[in-house]
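Let me begin by presenting the structure, written as structure tokens, before commenting on it.
Numbering (my numbering), first residue to last: 41 to 141.
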């Protein structure tokens with residue numbers, strides 16, 4: 041994650057991490073502490089605007105097939121993103137997903 045835009049927010053990298061992020065032990069990457077994202081406005085726009093990280097600009101990665109192979113990343117995305125959720129629902133219909141009892 042790039043923290044280059046934080047100067048526009050008036051926060052240091054360390055302050056931003058402590059306030060809003062948590063590190064994933066498995067790979068050392070950061071994710072927001074809360075779901076949905078702390079920076080998501082009621083209308084679905086990002087409060088960080090031009091200062092949001094590159095990974096957020098690309099989210100939910102629907103134009104990056106290499107990222108969609110991971111079921112975990114898809115499940116993580118559908119939790120917070122209506123577009124990813126809709127794609128997931130369409131895939132379930134296409135592949136005949138059925139709930140087990």
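Glycine included, each C-beta is placed from N, C-alpha and C at the ideal position. Please read all numbers here as calculations on a predicted model, not as lab measurements.
Counterpart residues of residue 61 in DSSP-defined beta bridges
By 1-based counting over the chain shown, the position of residue 61 is 21. BP columns for residue 61 point to 72.
Kindly confirm or deny that the stretch 114-129 and the stretch 64-78 touch, where touching means at least three C-beta pairs closer than 8 Å.
Touching, per the Cβ criterion.
DSSP-derived helix/strand/coil call for residue 77:
Here residue 77 is taken as the residue at index 37 of the chain shown, counted from 1. Correct three-state label for residue 77: coil.
Express the C-alpha separation of residue 95 and residue 135 in angstroms, rounding to a whole number.
As a working mapping, residue 135 is identified with position 95 in the chain shown. As a working mapping, residue 95 is identified with position 55 in the chain shown. About 29 Å.
Short of 7 Å in beta carbon distance, which residues of its chain neighbour residue 86, apart from the five on each side in sequence? Order them along the chain.
The residue labelled residue 86 in the question sits at position 46 within the chain shown. Contacts found: 79, 80, 92 and 96.
Does residue 86 come out as helix, strand or coil in the three-state DSSP assignment?
Along the chain shown, one-based indexing puts residue 86 at 46. Three-state result, residue 86: strand.
Would you say residue 72 and residue 88 are within 8 Å of each other, going by their C-beta atoms?
Counting from 1 along the chain shown, the entry for residue 72 is found at position 32. Counting from 1 along the chain shown, the entry for residue 88 is found at position 48. With respect to the 8 Å criterion, residue 72 and residue 88 are not classified as neighbours on the basis of their beta carbons.
Classify residue 124: buried if its beta carbon has 16 or more other beta carbons within 10 angstroms, exposed otherwise.
Residue mapping note: residue 124 aligns to position 84 of the chain shown, counting from 1. If you draw a 10 Å sphere on the C-beta of residue 124, you find 16 or more other C-beta atoms in it, and that means buried.
Grouping DSSP H, G and I as helix and E and B as strand, with all else coil, what is residue 124?
The residue given as residue 124 occupies position 84 in the chain shown. Looking at residue 124 - three-state DSSP - the assignment turns out to be helix.
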